[in-house]
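Protein chains in written order, with my numbering: chain E, 19 to 398; chain D, 19 to 398.
Where a beta carbon is used, it is the ideal one built from N, C-alpha and C, also for glycine.
Nothing here was measured: the structure is a model prediction, and the numbers come from that model.
Written out below as C-alpha cells is the structure these notes cover.
Number of protein chains: 2
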Amino acid sequence: MEHPIKYTLLKKEKHTGARLGTLETPNGTYETPMFMPVGTQATVKAMTPEELKSIGAGIILSNTYHLWLRPGSDLIDEAGGLHGFMNWDQGILTDSGGYQVFSLADTREIKEDGVHFKSHLDGRNLFLSPEKSIQVQNELGADIMMSFDECPPFHESYDYMKKSVDRTTRWAERGLEAHQKWDKQGLFGIVQGGGYKDLRIQHARDLRSMDFSGYSIGGLSVGETHEEMFEVLDYTTPELPEDKTRYLMGVGTPKALIESVIRGVDIFDCVLPTRVARNGTLMTSQGRMRIKNAKYARDWRPVDEKCDCYTCKNYSRAYMRHLFKTDEILGHRLASTHNLRFLIRLMEQVREAIRNDNLLEFKEQFYEDYGYNEPNALTY
Amino acid sequence: MEHPIKYTLLKKEKHTGARLGTLETPNGTYETPMFMPVGTQATVKAMTPEELKSIGAGIILSNTYHLWLRPGSDLIDEAGGLHGFMNWDQGILTDSGGYQVFSLADTREIKEDGVHFKSHLDGRNLFLSPEKSIQVQNELGADIMMSFDECPPFHESYDYMKKSVDRTTRWAERGLEAHQKWDKQGLFGIVQGGGYKDLRIQHARDLRSMDFSGYSIGGLSVGETHEEMFEVLDYTTPELPEDKTRYLMGVGTPKALIESVIRGVDIFDCVLPTRVARNGTLMTSQGRMRIKNAKYARDWRPVDEKCDCYTCKNYSRAYMRHLFKTDEILGHRLASTHNLRFLIRLMEQVREAIRNDNLLEFKEQFYEDYGYNEPNALTY
C-alpha cells in the first residue's frame with residue numbers, strides 16, 4: 019500500500035543522532051523537527067490561517083472528540099473536511115479522541131469493542147470504538163489520523179497497563195482495517211506502555227509490524243516528570259522505524275522539545291503556548307515573562323528583543339501589559355502569535371543546529387538564557 | 019489661530035443637502051461622511067491596526083475617561099501618545115470623558131469647577147474639570163479632542179437643561195484656554211440641550227462664536243427615539259458653520275447614519291458594530307443575522323454575499339456559527355471585521371450617492387433590503 023504520508027531522513031546530528039527530515043503530506047511538505055499548533059475546535063485559538071502561515075506553522079492539530087461532538091464530523095465532511103471548513107490549505111493532523119475520552123468524558127466504561135461514556139457537554143451516552151474513531155477522522159479529512167488508543171495514567175499498575183496495551187494493539191489492527199481513504203489520509207499507530215520498558219518495547223514492535231504511516235508516542239506529558247519521560251523515549255524511539263515519522267503527543271515546553279529531538283523525535287503538538295498566552299505568560303529567549311507584572315508598566319521594549327514576530331516588531335511590553343490588565347482580545351491575539359512563533363522558531367533553530375552538528379552547544383546556550391540552569395527553575 | 023483640523027466641503031447632494039467633504043488631520047486626510055470605529059481602551063476590540071486599515075477605517079475613537087484611569091494618560095504620553103502606544107498612524111479622536119463620568123462613575127457631584135466622582139474601577143475619589151480633561155487629552159495626543167461637557171438625560175427638565183447647557187458653555191471657554199497643543203491637536207465644541215429647540219439653537223450659536231476646530235452634537239443616542247433625534251438634528255445642524263466638521267456622537271445604526279447624513283452630519287462613532295459582533299449579531303445587506311441560529315448550521319454561503327470583507331471572502335455561515343457556539347476568539351474577530359466593514363462600506367456607498375445626487379434612492383433601496391420597511395422592524 020502506498021502511504022500518502024512520507025518521511026525522508028535527511029541527516030542525523032553527529033553527536034546526538036537527532037533527525038533532520040521532511041514530512042510529505044497531501045497538503046504540503048514540511049521540515050522536521052516541527053512543532054504543530056493546536057486548533058482543538060477547528061481554529062487555533064485567536065489566530066487566522068494567514069497568521070499561522072506568517073509565523074511559519076506547517077501542520078496544525080485538531081481534536082476528533084471535540085469536533086465529533088460539535089459541530090459533528092458529518093457536517094465537516096459536507097464542508098469539504100477540516101481544510102474546507104476552517105479555510106486551512108496546509109497539513110492537518112487529528113488525534114484519535116482517545117485522550118479526551120479518558121480525560122474529559124464522564125462515567126466511561128472500557129470494553130473490548132470500545133468505550134462507552136457520557137458527553138462532557140450534555141451528558142448524552144456515546145460510544146467510541148476504533149472503527150468509529152477512524153470513520154469520524156475520515157470525515158474530518160485530516161492528512162494524518164491517529165489510531166484509537168487507551169491513554170492510561172503514567173503510573174497505572176503493570177497488570178492493568180499490560181492488558182491495556184494489548185487491547186490498544188488489537189484496536190490498532192481494527193483501525194487499519196476500517197480506514198477508507200488511504201489515498202488522502204495517513205494513519206499513525208500510538209505506542210503506549212507508561213513507564214514500563216518491556217511494555218513500551220513490546221508495543222512499539224507490535225505496532226511496527228503493522229503498516230502504519232508513522233508512529234506516535236502517547237501516554238507521556240500526563241503528569242510524569244521530565245526525567246521519566248526522557249527515559250521512556252530513550253528506550254522507545256530506537257524501536258521505531260527510521261523511515262517513518264515519530265510524533266511525541268502533547269509536548270510543548272522548550273526543554274522537552276529539545277530533549278526529545280535529541281532522543282529521535284520528529285514532530286510535536288501542545289496547547290501550552292496558546293493556553294499560557296491567554297493567561298499573560300510569554301515565552302522569550304530570556305525565559306518566561308508574566309506580562310501583567312507591574313515592572314512592565316513603562317517598559318517600552320518589545321516582549322523579546324530577539325524575536326521576529328508581529329507582536330515584537332510592533333508593540334511594547336507596556337502596551338501588552340495594558341491589554342492584559344484590561345482583558346482585551348488583542349492581548350490574547352498578540353501573546354498567542356508570539357508564543358507560537360517562539361516555539362516554531364525554536365524548532366527552526368534546532369533544525370539549523372542539526373545541520374551544523376552543534377545541537378548540544380545550542381541546547382546549552384538556550385538553557386542558560388532561558389533560565390533552566392537556575393535553582394528551582396520551572397520546566398515550561 | 020491656525021487649526022490642525024480642516025474641513026473642506028466638496029459638494030452638497032442635490033435633493034437633501036447631505037455633505038461630501040474631506041477632513042484633514044495631522045495624521046491623514048479622510049473623506050466624509052465617515053464612520054469611526056471605537057477603541058475604548060486604546061484598541062478597537064479584537065482588531066489590529068493593519069486590519070482596521072484593510073477595511074478602510076480612517077479615524078478611530080478612544081476614551082479619555084477609561085485611559086485616564088488605566089493605564090494613565092501620563093504613561094501614554096511617555097509612549098508618544100496614543101498613536102505610539104497602540105501603533106496607529108492614522109487619525110485618532112478622543113472624547114472628553116464627560117459622557118463616562120455621567121454614565122459609569124459612582125456618586126458624582128457636579129459643581130461649577132468640575133465633577134467630583136468615584137472611579138468605577140476601584141472607587142477612589144476623582145475630579146474632572148474642563149482643564150483636566152484637556153490636559154489628559156493633550157497627553158493622549160489625539161488629532162481631535164472634545165470639549166468637556168455635561169451629558170444630561172434627553173428628557174431632563176427644561177430648567178435643569180438650561181443651567182447645564184450654560185455651564186457647558188463656560189466649560190467650553192475654559193477648555194479652549196487650557197488647550198496647549200494647537201499645532202497638533204484640534205478641539206471640538208459639543209452642542210447639548212436635549213430635545214429643547216431653543217436651548218440647542220442657543221448652545222450651537224454660543225459655541226459657534228468660539229473658535230473650535232469642529233462641532234459635535236452630544237446628548238443624542240441616549241435613549242430617545244430616532245424621530246426625536248432626527249428632529250434635533252433638523253434644527254441644530256443649520257446652526258453650525260458650513261466650513262467645519264459636524265460630528266454626531268455615539269450613533270451607529272445604519273438608519274441613524276443615513277438619516278443624519280441627510281441632515282448635514284459628517285462623522286460618527288459607535289460601539290454598536292463591535293459590541294453586537296461579539297454577541298453573534300452580524301449586520302448584512304439583508305438585515306441583521308443572528309449567526310447562532312440553528313438554520314445556519316449547514317449554510318455554506320458567506321455571511322453577506324454582497325460584502326467584500328475578509329470574513330465573507332473566506333468563511334461560511336456554518337463555520338461562523340460553529341465559532342460562536344464554541345465561544346472561539348476567532349468568531350469575535352471575524353464578526354467584528356465584518357460589522358465594521360459593513361458600516362464603513364455603507365458610508366462609502368453614501369458618499370458615492372452624494373456624488374451621484376441619488377442619496378434618497380440609495381436610502382430607499384437600502385431600507386427595503388435591510389428590512390427597515392417591515393412592520394415592527396428593529397432600528398439597528
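Quick check: what's the CA-CA separation for residue i versus residue j?
i                : j                : result
Lys181 (chain E) : Arg296 (chain D) : 49 Å
Thr47 (chain E)  : Arg226 (chain E) : 23 Å
Asn156 (chain D) : Lys199 (chain D) : 7 Å
Ala97 (chain D)  : Phe103 (chain D) : 5 Å
Gln108 (chain D) : Glu323 (chain D) : 30 Å
Ala36 (chain D)  : Glu174 (chain D) : 30 Å
Cys169 (chain D) : Thr186 (chain D) : 9 Å
Arg373 (chain E) : Cys325 (chain D) : 48 Å
Pro89 (chain E)  : Thr344 (chain D) : 9 Å
Gln383 (chain D) : Tyr25 (chain D)  : 30 Å
Ile219 (chain E) : Glu249 (chain E) : 12 Å
Asp184 (chain E) : Met228 (chain E) : 14 Å
Ser91 (chain E)  : Met365 (chain E) : 32 Å
Gly99 (chain D)  : Ser231 (chain D) : 20 Å
Leu300 (chain E) : Gly159 (chain D) : 30 Å
Leu194 (chain E) : Gly270 (chain D) : 57 Å
Arg306 (chain E) : Gly389 (chain E) : 9 Å
Phe352 (chain D) : Asp387 (chain D) : Looking at the sequence provided, one finds Leu at residue 352 (chain D) rather than Phe. Roughly 23 Å between the two C-alpha positions.
Glu20 (chain D)  : Tyr176 (chain D) : 37 Å
Val133 (chain E) : Ala190 (chain E) : 14 Å
So what does residue i bridge to, in DSSP terms?
i                : result
Thr292 (chain D) : Paired residue(s): none; Thr292 (chain D) is not in a bridge.
Gly46 (chain D)  : D:Thr43
Thr34 (chain D)  : BP columns for Thr34 (chain D) are empty, so no partner.
Ser234 (chain E) : E:Ile208 and E:Tyr265
Ile162 (chain D) : D:Leu111 and D:Gly204
Val283 (chain E) : Looking at the DSSP assignment, Val283 (chain E) forms no beta bridge with any residue, so it has no partner.
Ile128 (chain D) : D:Val133
Val56 (chain E)  : E:Leu79
Lys24 (chain D)  : D:Glu42
Lys29 (chain D)  : D:Leu38
Gly74 (chain D)  : Beta-bridge pairing links Gly74 (chain D) to no other residue.
Gly305 (chain E) : E:Thr302
Phe145 (chain E) : E:His134
So, using beta-carbon positions, are residue i and residue j closer together than 8 Å?
i                : j                : result
Asn45 (chain E)  : Asp201 (chain E) : no
Ser303 (chain D) : Pro320 (chain D) : no
Ile347 (chain D) : Ile347 (chain E) : yes
Asp273 (chain D) : His244 (chain D) : Looking at the sequence provided, one finds Lys at residue 273 (chain D) rather than Asp. Cβ distance < 8 Å, so Lys273 (chain D) and His244 (chain D) count as in contact.
Thr255 (chain E) : Val294 (chain E) : no
Arg363 (chain E) : Glu49 (chain E)  : no
Ser234 (chain E) : Ile276 (chain E) : no
Glu246 (chain D) : Gly213 (chain D) : yes
Gly268 (chain E) : Pro171 (chain E) : no
Leu266 (chain E) : Phe286 (chain E) : yes
Asp252 (chain D) : Arg281 (chain D) : yes
Pro55 (chain E)  : Gln203 (chain E) : no
Phe166 (chain D) : Ser114 (chain D) : yes
Ser354 (chain E) : Met164 (chain E) : no
For residue i, is the classification buried or exposed, using 16 other Cβ atoms within 10 angstroms of its Cβ as the cut-off for buried?
i                : result
His350 (chain E) : buried
His197 (chain E) : buried
Lys29 (chain E)  : exposed
Tyr178 (chain E) : exposed
His221 (chain E) : buried
His101 (chain D) : buried
Arg188 (chain E) : exposed
Lys150 (chain E) : buried
Pro393 (chain D) : exposed
Measuring CB atoms only, is the region 332–341 of chain D touching the region 295–315 of chain D, in the sense that at least three cross pairs come out at less than 8 Å? Under the 8 Å Cβ criterion, the region 332–341 of chain D counts as touching the region 295–315 of chain D, having at least three qualifying pairs.
Determine, using beta-carbon pairs with one atom in the region 78–86 of chain E and one in the region 107–118 of chain E, whether at least three such pairs fall under 8 Å. yes
Quick check: the region 257–266 of chain D against the region 137–144 of chain D, are at least 3 beta-carbon pairs closer than 8 Å? no
Hey, is the region 365–378 of chain D in contact with the region 288–295 of chain D, meaning 3+ C-beta pairs nearer than 8 Å? no
Whether or not the region 353–364 of chain D and the region 62–75 of chain D are in contact is what I'm after, with contact meaning three or more pairs of Cβ atoms, one per stretch, closer than 8 Å; do they touch? Contact between the region 62–75 of chain D and the region 353–364 of chain D is present, with at least three C-beta pairs closer than 8 Å.
Is the region 123–132 of chain D touching the region 55–65 of chain D in the sense that three or more CB pairs, one from each, lie closer than 8 Å? no
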